[in-house]
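**Q**
Protein chains: 2
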Amino acid sequence: MRAEIIAIGSELLLGQIVNTNAKFLSQHLAEMGIPVYYHTVVGDNADRLKQAIEIAESRSSLIIFTGGLGPTKDDLTKDTIAKHIGVELELHEQAMNMIEKYFQKANRTMTENNRKQAMVLKNATILSNDYGMAPGMLYKNETHYYMLLPGPPKELEPMFMQYGRDALLNELDEQQVIKSKVLRFFGIGEAQLETEIEDIIDEQSNPTVAPLASNGEVKLRLTAKHMSEQEADKLIQALEEKIKKRIGQYLYGYNDSSLMGEVVRLLKSHNKTISIAESLTGGSFSAELTSFPGISENFFGGIVCYSNEAKKDLLHVQQNTLDSSGAISSECAAEMAVNIREKLKTDIGISFTGVAGPDPSEGKDVGTVWIGLSFKGREPYTFPLQLAGTRQSIRMRTTKYGCYYILKHFLA
Amino acid sequence: MRAEIIAIGSELLLGQIVNTNAKFLSQHLAEMGIPVYYHTVVGDNADRLKQAIEIAESRSSLIIFTGGLGPTKDDLTKDTIAKHIGVELELHEQAMNMIEKYFQKANRTMTENNRKQAMVLKNATILSNDYGMAPGMLYKNETHYYMLLPGPPKELEPMFMQYGRDALLNELDEQQVIKSKVLRFFGIGEAQLETEIEDIIDEQSNPTVAPLASNGEVKLRLTAKHMSEQEADKLIQALEEKIKKRIGQYLYGYNDSSLMGEVVRLLKSHNKTISIAESLTGGSFSAELTSFPGISENFFGGIVCYSNEAKKDLLHVQQNTLDSSGAISSECAAEMAVNIREKLKTDIGISFTGVAGPDPSEGKDVGTVWIGLSFKGREPYTFPLQLAGTRQSIRMRTTKYGCYYILKHFLA
Chain A
1 MRAEIIAIGS ELLLGQIVNT NAKFLSQHLA EMGIPVYYHT VVGDNADRLK
51 QAIEIAESRS SLIIFTGGLG PTKDDLTKDT IAKHIGVELE LHEQAMNMIE
101 KYFQKANRTM TENNRKQAMV LKNATILSND YGMAPGMLYK NETHYYMLLP
151 GPPKELEPMF MQYGRDALLN ELDEQQVIKS KVLRFFGIGE AQLETEIEDI
201 IDEQSNPTVA PLASNGEVKL RLTAKHMSEQ EADKLIQALE EKIKKRIGQY
251 LYGYNDSSLM GEVVRLLKSH NKTISIAESL TGGSFSAELT SFPGISENFF
301 GGIVCYSNEA KKDLLHVQQN TLDSSGAISS ECAAEMAVNI REKLKTDIGI
351 SFTGVAGPDP SEGKDVGTVW IGLSFKGREP YTFPLQLAGT RQSIRMRTTK
401 YGCYYILKHF LA
Chain B
1 MRAEIIAIGS ELLLGQIVNT NAKFLSQHLA EMGIPVYYHT VVGDNADRLK
51 QAIEIAESRS SLIIFTGGLG PTKDDLTKDT IAKHIGVELE LHEQAMNMIE
101 KYFQKANRTM TENNRKQAMV LKNATILSND YGMAPGMLYK NETHYYMLLP
151 GPPKELEPMF MQYGRDALLN ELDEQQVIKS KVLRFFGIGE AQLETEIEDI
201 IDEQSNPTVA PLASNGEVKL RLTAKHMSEQ EADKLIQALE EKIKKRIGQY
251 LYGYNDSSLM GEVVRLLKSH NKTISIAESL TGGSFSAELT SFPGISENFF
301 GGIVCYSNEA KKDLLHVQQN TLDSSGAISS ECAAEMAVNI REKLKTDIGI
351 SFTGVAGPDP SEGKDVGTVW IGLSFKGREP YTFPLQLAGT RQSIRMRTTK
401 YGCYYILKHF LA
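So the sequence lines, in the order shown, correspond to chains A and B.
Reminder that position 190 of the first sequence reads as 190 in the UniProt record's numbering, one-by-one numbering, no gaps.
Reminder that position 253 of the second sequence reads as 253 in the UniProt record's numbering, one-by-one numbering, no gaps.
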């Protein structure tokens with residue numbers, strides 16, 4: 001089974017909304033082992049939809065349509081498909097009853113065009129709509145499967161998860177299991193990572209290896225197919241070991257984890273507290289940390305010391321340090337980290353100072369960064385960075401490096 | 001000119017990312033008067049991409065490709081297009097220099113595959129990449145336009161706005177000018193806004209009026225067409241006046257401005273300083289404020305006082321206040337705002353305290369928020385909010401309300 005998703009709706013082509021349905025369905029189809037080869041978006045136009053269906057039929061066996069099941073003139077998905085594949089539409093009594101009840105409940109008069117929503121392809125499997133009026137359906141002929149789903153994500157998503165997914169799984173003849181696992185790396189560029197494991201990528205077949213870079217991180221998705229779930233897991237594990245031997249020092253987490261999420265996990269599992277002194281990052285590290293619920297047990301507070309005065313007045317950085325080394329220095333980063341940790345009596349103190357740009361500062365280039373890290377009972381660590389990019393990207397990657405150094409040195 | 005957008009990337013078909021580029025480009029093409037008839041997504045596969053190009057050529061005159069311009073083996077957009085339309089790729093010296101400099105600056109070794117990013121279609125118009133390495137391009141033959149843009153939105157969006165848009169406008173034969181202006185509102189819901197100007201929306205033709213709600217704000221985009229730029233401006237101005245008479249009190253800015261951007265403009269134009277005390281928002285307000293370059297003249301520092309101890313130790317909130325009113329109270333918000341302002345000797349102090357959830361706190365519901373605002377020489381203001389939504393959305397909207405109150409009361 002090879003899938004294509006056709007979204008119908010001029011609002012997508014006008015850029016008024018994003019096609020999140022395609023992402024949602026693709027993700028779940030991938031997990032079910034059904035490869036998606038194309039997404040198509042077409043407007044509310046019968047001729048163009050018909051052509052899109054013909055193209056899809058020539059290259060895919062499962063075509064999933066999203067949108068165009070509503071009551072208005074624009075909603076022409078069902079009519080167009082019915083005509084194209086030569087199947088009649090018939091009234092679905094149960095859906096009609098639900099629609100009538102909906103209007104009674106809302107104390108509104110049902111206009112005649114709402115009957116249209118209860119019309120379904122004859123002999124299709126009906127997918128109930130628990131969050132709206134138009135039912136979905138799965139229709140099957142000798143050559144293709146046609147699945148029709150409503151456009152609003154709040155109707156489509158539960159419909160697919162509750163009914164659509166199982167309807168498809170019932171049709172899959174092969175009982176292969178697909179398992180996938182994402183390995184998350186930091187501190188290594190995409191090109192370098194691929195160079196390190198080029199032979200593994202070239203030889204891939206089962207499991208497959210797909211790299212994806214974003215926001216200074218690189219992910220590798222390993223996907224294995226097997227008749228046995230256990231064997232699929234084993235295939236992934238063997239490949240993971242092989243990759244870890246090459247670039248394991250950059251691996252920080254799996255699947256949906258994040259660098260800050262790993263820091264939170266570490267703080268919680270070891271019952272440790274942290275405090276934060278931010279100059280360069282201006283509160284970004286604290287903001288991201290406090291986006292995690294329940295973090296108040298591990299984080300009491302921090303100081304944003306943007307000016308030298310704030311560094312002295314709020315954080316007691318010595319005038320001498322600022323005079324001799326400057327605020328953008330290993331010495332200042334170390335003092336900031338130690339002082340915030342002592343001030344708030346936490347196990348860890350971390351600090352960020354540097355030049356986000358666009359202009360240099362203290363004669364230091366944009367992208368010059370010092371991170372300070374103080375663990376109770378240990379000498380402070382400091383880490384220099386030289387980052388390229390925009391102000392935002394320098395700040396964003398600085399906070400990621402902060403997480404990375406905590407993870408690397410916490411258990412050292 | 002009729003457009004089609006082809007996104008290349010298996011990560012889209014695996015549902016790992018959403019195709020926001022298609023939305024972004026569609027929206028801007030619509031404003032430029034170029035209709036988009038199809039979006040297509042295809043994986044990192046040369047044969048399937050070639051077929052997608054052939055289909056697109058049969059139905060569109062402008063084909064915009066997004067993604068696949070990077071250094072890895074997966075990035076096959078340029079090669080496939082070059083082969084398909086019979087044009088050579090050549091090294092773009094300027095791009096190559098930029099890539100080399102990037103690696104020198106980041107102190108990383110440039111692997112050989114990065115050269116690939118500097119290869120461009122011969123005779124194409126080059127679109128500079130100010131936020132990444134791979135340049136974009138616009139190539140034109142007798143029958144079609146081919147525009148190639150990088151996949152990451154943070155590279156694609158500025159490239160299109162700075163260079164791609166003009167390159168296309170130069171090719172459009174009709175000399176009508178399209179002008180648009182965005183009015184930005186806060187403190188009014190989308191439904192209420194639409195009700196207030198329902199007749200204006202219903203009567204629209206030139207200028208058109210498009211409402212768009214996102215992240216607690218509502219935008220109205222006014223777009224006028226005319227042979228004369230001056231007349232187009234006049235059409236927009238007349239409509240803007242009409243709208244302002246109805247809902248002008250909620251208007252806070254234009255076009256790409258933001259609430260925080262307006263706060264920064266106000267601080268700069270009046271040469272005022274601000275300090276920040278954050279509990280609920282955990283540093284988010286400071287982080288957003290310091291995303292603006294040059295803000296160090298107006299912002300010295302802040303305190304993130306997440307725990308009651310930090311409120312007392314770092315900010316000297318009185319124990320008595322915490323005992324009698326609690327941390328989530330008008331009294332605490334007022335003390336936080338006054339104390340941070342006095343501590344850092346600024347003109348303005350602002351504070352945030354509340355319950356972000358998921359659990360209630362101090363017997364107060366999730367979404368209970370107090371914002372404190374202290375101007376030098378005035379009694380402090382405090383503002384209660386009761387917000388619905390997730391932890392992130394409560395925090396995000398709280399920072400927006402903070403900006404809104406500063407803007408509203410600064411000149412009062």
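The C-beta atom is built at its ideal place from N, Cα and C for all residues, glycine as well.
Answer yes or no: does any C-beta atom of chain B fall closer than 8 Å to that of Val263(A)?
**A** The residue labelled residue 263(A) in the question sits at position 263 within the first sequence. It does not; no Cβ of chain B falls within 8 Å.
**Q** Using 8 Å as the cut-off, can you tell me whether the segment 225-235 of chain A makes contact with the segment 276-290 of chain A, which would need three or more C-beta pairs spanning the two stretches below that distance?
**A** Not touching, per the Cβ criterion.
**Q** What is the residue span of the beta strand (DSSP E) that residue 414(A) lies within?
**A** The structure shown does not extend to residue 414(A), since chain A spans only 1 to 412, so no value can be given for it.
**Q** Hey, which unbroken runs of the beta strand (DSSP E) at 3 residues or more fall wholly within the segment 346-387 of chain B?
**A** Within the segment 346-387 of chain B, the complete beta strand (DSSP E) runs of at least 3 residues are 348-354, 368-375, 381-386.
**Q** Could you check which residue in Asp365(B), Val120(B), Ala134(B) has the C-alpha nearest to that of Pro150(B)?
**A** The count along the second sequence starts at 1 and reaches residue 150(B) at position 150. Of Asp365(B), Val120(B), Ala134(B), the residue nearest in Cα terms is Ala134(B).
**Q** From the beta carbon of Gln192(A), is the nearest beta carbon of chain B less than 8 Å away?
**A** Reading the first sequence from its first residue, position 192 is the one you call residue 192(A). It does: the Cβ of Gln192(A) has a partner Cβ on chain B nearer than 8 Å.
**Q** To the nearest angstrom, report how far apart Thr390(A) and Asp44(A) are at their CA atoms.
**A** Here the question's residue 390(A) lines up with position 390 in the first sequence. Here the question's residue 44(A) lines up with position 44 in the first sequence. About 41 Å.
**Q** Given a cut-off of 8 Å on the beta-carbon distance, is the pair Tyr250(A) and Glu262(A) in contact?
**A** As a working note, residue 250(A) is residue 250 in the first sequence. As a working note, residue 262(A) is residue 262 in the first sequence. Not in contact: Tyr250(A) and Glu262(A) (Cβ atoms no closer than 8 Å).
**Q** Extract the residue ranges of the beta strand (DSSP E) inside the segment 109-186 of chain A, only unbroken runs of 3 or more that lie entirely within it.
**A** Listed in chain order, they are 119-121, 125-127, 136-140, 145-149, 177-186.
**Q** Could you check how far apart the C-beta atoms of Lys181(B) and Ile236(B) are, in whole angstroms? I think they sit under 8 Å.
**A** Against the second sequence, residue 181(B) aligns to sequence position 181. Against the second sequence, residue 236(B) aligns to sequence position 236. Their Cβ separation, rounded to whole angstroms, is 5 Å, which keeps Lys181(B) and Ile236(B) in contact under 8 Å.
**Q** Leaving out five residues on either side along the sequence, give the residues of the same chain with a beta carbon under 7 Å from the beta carbon of Tyr163(A).
**A** Along the first sequence, one-based indexing puts residue 163(A) at 163. Closer than 7 Å at the Cβ level, and outside the excluded window around Tyr163(A), lie Leu127, Ser128.
**Q** Using only alpha-carbon positions, find the residue among Ile85(B), Asp74(B), Ala124(B), Leu156(B) that is nearest to Lys116(B).
**A** Taking the first residue of the second sequence as 1, we reach residue 116(B) at position 116. Closest option to Lys116(B), Cα to Cα, is Asp74(B).
**Q** Does DSSP put Val41(A) in a helix, a strand or coil?
**A** Sequence index remark: in the first sequence, residue 41(A) carries index 41 (1-based). In the structure shown, Val41(A) sits in a strand (DSSP, three-state: E or B).
**Q** Examine the Cβ distances between the segment 50-58 of chain B and the segment 80-90 of chain B and report whether three or more of them are shorter than 8 Å.
**A** Counting Cβ pairs under 8 Å, three or more are found: they touch.
**Q** Taking the alpha carbon of Val42(A) as the point to measure from, which residue in Val36(A), Leu62(A), Lys245(A), Gly15(A) has its own alpha carbon closest?
**A** Here residue 42(A) refers to the residue found at position 42 of the first sequence. Of Val36(A), Leu62(A), Lys245(A), Gly15(A), the residue nearest in Cα terms is Gly15(A).
**Q** Take Ile247(B) and list the residues in its own chain whose beta-carbon comes closer than 8 Å to its own, dropping the five residues that flank it on each side.
**A** As a position in the second sequence, residue 247(B) is number 247, starting the count at 1. Phe185, Ile188, Leu193, Glu196, Ile197, listed in sequence order.
**Q** Using only the alpha-carbon positions, how far apart do Met32(A) and Glu171(A) sit?
**A** Locating residue 32(A) in the first sequence gives position 32, where the first residue counts as 1. Locating residue 171(A) in the first sequence gives position 171, where the first residue counts as 1. Their Cα atoms are separated by approximately 12 Å.
**Q** Which first and last residues belong to the beta strand (DSSP E) in which Gly86(B) is found?
**A** Taking the first residue of the second sequence as 1, we reach residue 86(B) at position 86. First-last for Gly86(B): undefined, no H or E at that position.
**Q** Counting contacts by CB-CB distance shorter than 8 Å, is Ala30(A) in contact with chain B?
**A** The sequence position of residue 30(A) within the first sequence is 30, counting from 1. With 8 Å as the cut-off, Ala30(A) counts as an interface residue toward chain B.
**Q** Val355(A) CB to nearest chain B CB: under 8 Å?
**A** Position 355 of the first sequence, counting from 1, holds the residue named residue 355(A). It does not; no Cβ of chain B falls within 8 Å.
**Q** List the residues that DSSP assigns as beta-bridge partners of Gly301(B).
**A** Counted from its first residue, the second sequence places residue 301(B) at position 301. Answer is Cys305(A), bridged to Gly301(B).
**Q** Specify the secondary structure class of residue 414(B) as computed by DSSP and reduced to three states.
**A** There is no way to answer for residue 414(B), as the model of chain B reaches only from 1 to 412.
**Q** Please return the same chain residues whose Cβ sits closer than 7 Å to the Cβ of Thr353(A), not counting the five positions on each side in sequence.
**A** Counting from one through the first sequence, the residue named residue 353(A) turns up at place 353. These residues qualify, in order along the chain: Ser279, Leu280, Ala327, Ile328, Cys332, Ala333, Met336, Trp370.
**Q** Quick check: the Cα distance between Ser58(A) and Met147(A), rounded to an integer number of angstroms?
**A** As a working note, residue 58(A) is residue 58 in the first sequence. As a working note, residue 147(A) is residue 147 in the first sequence. Rounded to whole angstroms, Ser58(A) to Met147(A) spans 16 Å at the Cα level.
**Q** For a test of your reading of the model: does the CB of Pro293(A) fall under 7 Å from any non-hydrogen atom of the ligand ATP? Yes or no.
**A** By its list of ligands, the structure shown contains no ligand whatsoever, and the ligand ATP lies outside what it can speak to.
**Q** Considering Ile53(A), what are the terminal residues of the alpha helix (DSSP H) in which it resides?
**A** Here residue 53(A) refers to the residue found at position 53 of the first sequence. It spans 46-59 - the alpha helix (DSSP H) in which Ile53(A) sits, taken as one unbroken run.
**Q** Check whether the segment 397-407 of chain A and the segment 375-386 of chain A are in contact - that is, three or more C-beta pairs closer than 8 Å.
**A** Verdict: yes, contact present.
**Q** Just tell me which of Gln318(B), Gln94(B), Asn298(B), Glu190(B) has its CA closest to the CA of Arg264(B).
**A** As a working note, residue 264(B) is residue 264 in the second sequence. It should be pointed out that residue 264(B) corresponds to Val in this sequence rather than to Arg. Val264(B) has its Cα closest to that of Asn298(B), out of Gln318(B), Gln94(B), Asn298(B), Glu190(B).
**Q** Can you tell me where the beta strand (DSSP E) holding Thr208(B) begins and where it ends?
**A** Working through the second sequence from its first residue, we reach residue 208(B) at position 208. Thr208(B) -> beta strand (DSSP E) spans 208-214.
**Q** Within this structure, are the beta carbons of Leu407(B) and Leu266(B) separated by less than 8 Å?
**A** In the second sequence, counting from the first residue as 1, residue 407(B) sits at position 407. In the second sequence, counting from the first residue as 1, residue 266(B) sits at position 266. It is a contact, given that the beta carbons lie within the stated cut-off.
**Q** Short check: CB of Leu69(A) to CB of Thr77(A), under 8 Å?
**A** Within the first sequence, residue 69(A) is the residue found at index 69, counting from 1. Within the first sequence, residue 77(A) is the residue found at index 77, counting from 1. Cβ atoms of Leu69(A) and Thr77(A): closer than 8 Å.
**Q** Step through the CB atoms of chain B and report whether any lies within less than 8 Å of the CB of Ala210(A).
**A** The residue labelled residue 210(A) in the question sits at position 210 within the first sequence. Cβ-Cβ to chain B under 8 Å: yes for Ala210(A).
**Q** Which residue wins for smallest C-alpha separation from Ala388(A), given the options Ala356(A), Pro71(A), Glu4(A)?
**A** The residue given as residue 388(A) occupies position 388 in the first sequence. The candidate whose alpha carbon is nearest that of Ala388(A) is Ala356(A).
**Q** Could you pull out every residue in the same chain whose Cβ sits closer than 6 Å to the Cβ of Asn113(A), ignoring the five residues on either side in sequence?
**A** What you label residue 113(A) is simply residue 113 of the first sequence in a count that begins at 1. Result list for Asn113(A): Pro71, in chain order.
**Q** In chain order, what are the residue ranges of uninterrupted alpha helix (DSSP H) at least 4 long that sit wholly in the segment 236-277 of chain A?
**A** Listed in chain order, they are 259-270.
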